[in-house]
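Counting the sequence shown from 1 gives a position; the numbering used here is that position plus 983. Structure, as structure tokens:
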Amino acid sequence: MRLFKREIENKQTNFYGKPERNYDKLLRASIFLISLVAITPLIILTVINYFQYRKAYEADIIYPLTRQTNNLKNNLESFIQERISVLKYIAQSYTSEELSNPKILFQIYHSLRNSFGGFVDIGIIDENGLQINYVGPYQLLGKNYKSQKWFNNVVFKGVDVSEVFMGFRGFPHFTISVFKTNNTNNPLIIRASINTEILKEKIESQEIPSHTDVFIVSQSGLLQKKMGLINLYGFIHDWKAQKYDGFIGLITFITTLYFAPHIDYGILIGVILSLALYIQRGMRPEIAFLSKHPDTTFRNRARFGLAQCKHIAVIRYNGSLVFKNVNYLENTILRTIGNMPELKYIVIVGNAINEFDASGDYMLGNLIDRIREAGYDLFFTGLNDSVLDTMKRTLLYYKIGVDHFFRNVAMAVEALWDSAHRFSNEDPCPLKEVVYEKNNLK
984 MRLFKREIEN KQTNFYGKPE RNYDKLLRAS IFLISLVAIT PLIILTVINY
1034 FQYRKAYEAD IIYPLTRQTN NLKNNLESFI QERISVLKYI AQSYTSEELS
1084 NPKILFQIYH SLRNSFGGFV DIGIIDENGL QINYVGPYQL LGKNYKSQKW
1134 FNNVVFKGVD VSEVFMGFRG FPHFTISVFK TNNTNNPLII RASINTEILK
1184 EKIESQEIPS HTDVFIVSQS GLLQKKMGLI NLYGFIHDWK AQKYDGFIGL
1234 ITFITTLYFA PHIDYGILIG VILSLALYIQ RGMRPEIAFL SKHPDTTFRN
1284 RARFGLAQCK HIAVIRYNGS LVFKNVNYLE NTILRTIGNM PELKYIVIVG
1334 NAINEFDASG DYMLGNLIDR IREAGYDLFF TGLNDSVLDT MKRTLLYYKI
1384 GVDHFFRNVA MAVEALWDSA HRFSNEDPCP LKEVVYEKNN LK
């Protein structure tokens, strides 16, 4: 037992910023095992709940959406069929000569506009694909459509409903074409274009919730409606706030589309990524070294180009002090000692520490012993009452020393400065005056 204890002591981290390899391995392995034990039950419960409630989810969400989608589909089909019937009626009620007359076609167009919604224009096309008559806001008279696919479709089938496209008009629309023969030698095609805004109106009439969107896709897989649910500003906003939030949002969206109609797979991937990132962020909280700022407060010296005091390191720790991150603070302190040969005191600014468990208590207790043996000392400022109560219950508060706790950084600097700077040639001190680094002089 004595030999084992001596071996462990020989492998303790030295105070020049060079942690021993075996100690680091043991520490990482301990943290990994503790994290695994804590997270594994959560993952198992998540998987069980996922399969347990999947059928209920489908019954509550998928089936109502399917019913609502079918209602919308029937509504749109009725809308299109109604306009096909109108164009067929026009083809049967007017002769080819009448349809070729601009005045008569103008009357038909205005009658359609007044009686039915969605019509943008109407045109008459001869058997050679040439538009011989046209009424509408575009210069399409004389355009030739013979080489286009829809022209052959309407000749053979009698009716053609196109997909949404830009075409000569330059805006999204779709067309309905009807072939007129009447056993004459002068067959014609009546072709009318429909504004895609009518699709949006039909969807809104179905009382679709504001947080959902409807995708209308043609048989060839082309989207027939502008997507309203994709909020590009939301992705940009999340990316500006935190890059990983925007990245996870984008990955979740892509995987949700990829696994459709099983959108729950994409959402599950997003949840797992968010959980993994949350754990990773918790293991490496933000740490900043503070110095005197022109506004008389103590701010992040790296952010504002401020100099570092040689004898007192003021470290702001923005995170909890629990099993998953105790080694991060410990390594930071040991690295600081190794990088600052004239250092005497370390002040931990713990205003953001709102969780403190047994692992944090154990780490601080051992760390205090080791750094005091090496001739340094550790102080705290801004700890909240719940953390102090925990330290008092474990007696760590008294081990550190009642006089080693301060309400704020200014009080700590005032109390420690004289003893830290005894026989020092540091003038001015970055904790007493505003001192910029040499390469950041203002």
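Yeah, the Cβ is synthetic: ideal placement off N, Cα and C, and Gly gets one too.
What did DSSP end up calling residue i once you bin it into helix, strand or coil?
i, result
"R1267", "coil"
"K1275", "strand"
"R1405", "coil"
"F1102", "strand"
"Y1241", "helix"
"D1410", "coil"
"G1259", "Correcting the residue type first, residue 1259 is Ala in the shown sequence and not Gly. Residue state, collapsed to three classes: helix."
"K1084", "Looking at the sequence itself, residue 1084 is Asn, so the reference to Lys does not match. Three-state result, N1084: coil."
"A1296", "strand"
"N1127", "strand"
"L1289", "strand"
"N1283", "strand"
"K1327", "coil"
"G1348", "helix"
"G1358", "coil"
"Q1090", "helix"
"S1369", "helix"
"Y1248", "helix"
"Y1227", "helix"
Leaving out five residues on either side along the sequence, give the residues of the same chain with a beta carbon under 8 Å from the beta carbon of residue i.
i, result
"H1404", "H1294 and C1412"
"N1337", "S1303, N1367, S1369 and V1370"
"R1376", "none"
"R1096", "F1102"
"I1022", "I1262"
"H1387", "D1360, L1361, F1362 and F1363"
"S1407", "K1293, H1294 and E1325"
"E1065", "F1099"
"I1181", "F1062, G1100 and G1101"
"F1148", "P1155, H1156 and F1157"
"L1350", "E1313, I1316 and L1361"
"I1298", "I1270, A1271, F1272, L1273, T1315, I1316, T1319, I1329, V1330, I1331 and V1332"
For the alpha helix (DSSP H) that residue i lies in, which residues bound it at each end?
i, result
"K1071", "Y1046 to S1076"
"T1315", "V1309 to N1322"
"L1379", "L1379 to I1383"
Name, in chain order, the residues that DSSP records as bridge partners for residue i.
i, result
"T1364", "V1332 and F1389"
"F1339", "L1304"
"K1163", "L1171"
"N1178", "H1156"
"N1143", "Here the sequence assigns Asp to residue 1143, which means Asn is not the residue at that position. According to DSSP, which records beta bridges pairwise, D1143 is partnered with S1160."
"D1109", "L1171"
Enumerate in chain order the residues of its own chain whose CB-to-CB distance from residue i is below 6 Å, with the five nearest sequence positions on each side excluded.
i, result
"S1274", "R1284, L1289 and P1413"
"K988", "Any reading at K988 is ruled out, since the residue's pLDDT is 35, under 50, leaving its predicted position unreliable."
"S1176", "V1103, D1104, H1156 and T1158"
"F1339", "L1304, V1370 and T1373"
"P1170", "E1110 and T1164"
State buried or exposed for residue i, treating a residue as buried only when at least 16 other CB atoms are found within 10 Å of its CB.
i, result
"D1410", "exposed"
"M1394", "exposed"
"H1220", "exposed"
"A1357", "exposed"
"N1116", "buried"
"L1399", "buried"
"L1082", "buried"
"I991", "Note that I991 scores a pLDDT of 34, beneath 50, so its modelled location is shaky; the value from the coordinates is reported in the next line. By the 10 Å Cβ count, I991 comes out exposed."
"I1231", "buried"
"K1185", "buried"
Return the chain-ordered list of same chain residues with a C-beta closer than 7 Å to the C-beta of residue i, the five sequence neighbours on each side being excluded.
i, result
"Y1300", "P1268, I1270, L1312, I1331, V1332, G1333, A1335 and I1336"
"S1342", "V1305, F1306 and V1309"
"E1416", "K1275"
Considering just the uninterrupted stretch of the beta strand (DSSP E) at residue i, what are its terminal residues?
i, result
"N1116", "Q1114 to V1118"
"V1418", "Careful: V1418 lies outside any beta strand (DSSP E) and carries neither H nor E."
"F1151", "First-last for F1151: undefined, no H or E at that position."
Is residue i close to chain D? Criterion is C-beta to C-beta, closer than 8 Å.
i, result
"I1298", "Included in the structure is just one protein chain, with no chain D present."
Could you check whether the Cβ of residue i sits closer than 7 Å to any heavy atom belonging to the ligand GTP?
i, result
"F1242", "Inclusion of the ligand GTP in the displayed structure is not the case, the ligand content being empty and no account of it being possible."
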